[in-house]
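Trainee: Under our numbering, the first residue of the sequence shown carries the number 15, and numbering increases by one thereafter. Quick reminder that beta carbons are idealized off the backbone N, C-alpha and C, glycines included. In this text the structure is predicted, and so the values were computed from the model without any measurement.
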Amino acid sequence: MANTSAFRFVGPTTAIAVTTASSTSVTITPMGNDQVNYCGFLNTGTTPIAVTIAPAVPGTTTTAPAAVLPTGGNSSNSFILGVSMSAPQVMVVPPQFAVTAIGTANTLYVMPMVDQN
15 MANTSAFRFV GPTTAIAVTT ASSTSVTITP MGNDQVNYCG FLNTGTTPIA
65 VTIAPAVPGT TTTAPAAVLP TGGNSSNSFI LGVSMSAPQV MVVPPQFAVT
115 AIGTANTLYV MPMVDQN
């Protein structure tokens, strides 16, 4: 396991408009040929965002399932981002992936990155 202290961006930042309905699936394709990819997810809004990712196969139209905010004992395949984040939450992701998000009137910033060795 790498002891990572810095990340290198490997693609453009994507902004996804987040509303009370799951966003349209967006495919994120980092640039480069790194074997393991990470991605930063940033919510600067004042309400939580649920994010769902799914591996995408290059050359296909893979989509992520609808994002769902879990409620009252129900679970979902989404992870939750806190509010007013000052730094992105870095997650391990497939080399290419699709993402959806749900929340209320926020913007989700998605930044592909790799660890800098």
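Below 8 Å on the Cβ atoms is my guess for glycine 96 versus proline 62; work out the distance and round it to an integer in Å.
Mentor: As a position in the sequence shown, residue 96 is number 82, starting the count at 1. As a position in the sequence shown, residue 62 is number 48, starting the count at 1. Yes, glycine 96 and proline 62 are in contact; Cβ-Cβ is about 6 Å, under 8 Å.
Trainee: Should threonine 118 and threonine 33 be called a contact, given that it needs their Cβ atoms to be closer than 8 Å?
Mentor: Counted from its first residue, the sequence shown places residue 118 at position 104. Counted from its first residue, the sequence shown places residue 33 at position 19. Cβ atoms of threonine 118 and threonine 33: closer than 8 Å.
Trainee: Who are the Cβ neighbours of proline 109 in its own chain at under 6 Å, not counting the five residues just before and after it?
Mentor: As a first step, residue 109 is located in the sequence shown; it is residue number 95 there, counting from the start. The answer, listed in chain order, is Asn51.
Trainee: Let me know if threonine 66 comes out buried or exposed under the rule of 16 or more other beta-carbons within 10 Å of its beta-carbon.
Mentor: Stepping through the sequence shown from its first residue, residue 66 is reached at position 52. Burial call: buried.
Trainee: DSSP on methionine 105, reduced to helix/strand/coil?
Mentor: The residue labelled residue 105 in the question sits at position 91 within the sequence shown. If DSSP states are grouped into helix, strand and coil, methionine 105 belongs with the strands.
Trainee: Could you check if proline 126 is buried or exposed, using at least 16 other CB atoms within 10 Å of its CB as the buried criterion?
Mentor: If you number the sequence shown from 1, residue 126 lands on position 112. So proline 126 ends up on the buried side.
Trainee: Just curious, the beta strand (DSSP E) that asparagine 88 is in, first and last residue?
Mentor: Residue mapping note: residue 88 aligns to position 74 of the sequence shown, counting from 1. From DSSP, asparagine 88 is part of no beta strand (DSSP E); its letter is neither H nor E.
Trainee: Leaving out the 5 sequence neighbours to the left and right, which residues in its chain are closer than 7 Å to phenylalanine 55 when beta-carbon positions are compared?
Mentor: Within the sequence shown, numbered from 1, the residue matching residue 55 stands at position 41. Hits under 7 Å: Val65, Leu95, Pro102, Gln103, Met105, Leu122, Val124.
Trainee: By Cβ distance below 6 Å, which residues in the same chain neighbour alanine 115 in space, the five residues on each side in sequence not counted?
Mentor: Taking the sequence shown and counting its residues from 1, one reaches residue 115 at position 101. Ile30, Val32, Ser37, Ile63, Val65, Ala81, Leu122, listed in sequence order.
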